[in-house]
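Trainee: Shown below is the structure under consideration.
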Amino acid sequence: MLLRGIAGLIATLVLWTAIVFIFQVPSFLLPGPMEVLNRLVFLFENAKLLRHIGVTLTEIVAGFVLGTVIGILAGVVFARLPRVERFATPLILLLQTAPKIAIAPLLLLWLGIGPTPKIVLIAIVTFFPVMSGMVTGLRYGEGSFRDLAAVLKLSPWQSFWHIELPSALPAVLAGMAVATTLAMTAAVIGELMGANEGIGYLLSSGQENSDTSVVIGMVLLLSLIGWAFYEIIELIRRRSLGRFQLS
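Start counting the sequence shown at 1; every next residue gets the next number (the UniProt record's numbering).
Structural data, given as structure tokens:
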């Protein structure tokens with residue numbers, strides 16, 4: 001999977017270079033890969049690019065962890081108490097279907113221009129797929145595990161910790177894999193709406209200055225970060241499948 005992704009990335013760079021060379025595309029419309037790379041090196045040396053990357057990474061990790069923890073806890077509650085789920089579902093759906101670009105300004109007004117509104121926005125988009133995975137895993141997990149818990153006469157806590165939670169883990173990790181892509185989008189939206197540092201801030205600055213190289217460079221950085229997060233979650237998910245499935 002990773003090797004295929006790297007091969008696809010290399011093929012994209014080759015095609016990109018060929019298009020720029022063959023059609024003589026002006027650099028202000030579509031700079032070549034080397035021009036974008038040189039611009040990134042310039043930002044690294046003169047604009048503290050690593051610091052901006054660190055700010056965005058911190059927001060993504062904090063928001064992702066917060067949304068995952070809340071999603072798992074909510075999934076447990078909803079799976080155990082369907083009435084609570086029915087009561088909370090309209091609010092959750094309203095929050096999830098609302099355009100995130102509309103939510104971001106409200107969070108900025110309520111929480112200020114620091115990292116907090118970005119973390120909250122990322123947690124919001126992470127919450128739903130993780131919660132859905134947890135509910136699905138607990139409700140429709142392997143029935144043989146539940147039979148085993150009954151035979152062993154496990155307590156509700158023992159059954160949950162040793163049987164139900166491991167059985168639900170693959171579904172939760174699948175939800176987390178989906179959430180990684182949403183988290184990247186939320187981070188950029190939050191920084192575009194209002195920030196003085198971060199990758200989204202540099203992207204916005206590049207747009208304001210009509211610097212196509214900076215804009216493309218920031219998009220590539222965000223894509224690579226999102227790809228890395230996704231691959232990490234996918235690796236954990238694949239390794240967990242064999243461990244918790246019955247043969």
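Here a beta-carbon is modelled for each residue, glycine too, at the ideal position from N, C-alpha and C.
Keep in mind it's a predicted model, so treat the numbers as computed, not measured.
Taking the straight line between their C-alpha atoms, what separation do you get for residue 13 and residue 32?
Mentor: Their Cα atoms are separated by approximately 9 angstroms.
Trainee: Roughly how many angstroms separate the alpha carbons of residue 47 and residue 199, rounded to a whole number?
Mentor: Answer to the nearest angstrom: the Cα atoms are 11 angstroms apart.
Trainee: Under DSSP, the alpha helix (DSSP H) around residue 118 begins and ends at which residues?
Mentor: 116 to 139 is the extent of the alpha helix (DSSP H) around residue 118.
Trainee: Say whether the segment 37 to 52 touches the segment 109 to 129, bearing in mind that this needs 3 or more beta-carbon pairs closer than 8 angstroms, one atom from each stretch.
Mentor: The segment 37 to 52 vs the segment 109 to 129: no contact.
Trainee: If you check the beta carbons only, do residue 187 and residue 100 fall under 8 angstroms apart?
Mentor: Not a contact, by the Cβ cut-off of 8 angstroms.
Trainee: Reducing DSSP to helix, strand and coil, say where residue 96 ends up.
Mentor: Residue state, collapsed to three classes: helix.
Trainee: Let me know if residue 67 comes out buried or exposed under the rule of 16 or more other beta-carbons within 10 Å of its beta-carbon.
Mentor: When all chains shown are included, residue 67 counts as buried.
Trainee: Taking 8 angstroms as the threshold, find out whether the segment 17 to 36 comes into contact with the segment 208 to 216 through three or more Cβ pairs.
Mentor: Taking 8 angstroms as the limit for Cβ pairs, the verdict is that the segment 208 to 216 does touch the segment 17 to 36.
Trainee: For residue 191, which residues in the same chain have their Cβ closer than 6 angstroms to its Cβ, ignoring the five residues on either side in sequence?
Mentor: Cβ within range, chain order: 198, 200, 201.
Trainee: Three Cβ pairs or more, each shorter than 8 angstroms: is that satisfied between the segment 58 to 74 and the segment 127 to 134?
Mentor: Judged by Cβ distances under 8 angstroms, the segment 58 to 74 makes contact with the segment 127 to 134, as three or more pairs qualify.
Trainee: Alpha carbons only, please: which of 194, 163, 240 is nearest the one belonging to residue 174?
Mentor: When each option's Cα is compared against that of residue 174, the closest is 240.
Trainee: Report the start-end ranges of each alpha helix (DSSP H) in the segment 27 to 82 that is 4 residues or longer and not cut off at the edges.
Mentor: Fully enclosed alpha helix (DSSP H) runs of 4 or longer: 33 to 46, 49 to 80.
Trainee: Go through its chain and collect everything with a Cβ distance to residue 236's Cβ below 7 angstroms, but skip five positions before and after it.
Mentor: These residues qualify, in order along the chain: 173.
Trainee: Looking at the structure shown, is residue 14 part of a helix, part of a strand, or coil, going by DSSP?
Mentor: DSSP places residue 14 in helix when its eight states are reduced to three.
Trainee: Distance, Cα to Cα, residue 22 vs residue 8?
Mentor: The straight-line gap from Cα to Cα measures roughly 21 angstroms.
Trainee: State the start and end residues of the unbroken alpha helix (DSSP H) segment that holds residue 159.
Mentor: Note, residue 159: alpha helix (DSSP H), 156 to 159.
Trainee: When you compare the CB positions of residue 164 and residue 203, do they come within less than 8 angstroms of one another, or not?
Mentor: The answer is no: Cβ separation not under 8 angstroms.
Trainee: Are residue 189 and residue 104 closer than 8 angstroms when you measure CB to CB?
Mentor: Result yes, Cβ atoms of residue 189 and residue 104 sit closer than 8 angstroms.
Trainee: Under 8 angstroms Cβ to Cβ from residue 207, same chain only, skipping five residues before and after it: list those, please.
Mentor: Excluding positions up to five away in sequence, the list reads 215.
Trainee: Look up residue 167 in the DSSP assignment and say whether it is helix, strand or coil.
Mentor: Residue 167 falls in the helix class under three-state DSSP.
Trainee: Rank 234, 102, 92, 39 by C-alpha distance to the C-alpha of residue 193 and give the top, closest one.
Mentor: Ranking the options by Cα distance to residue 193, first place goes to 102.
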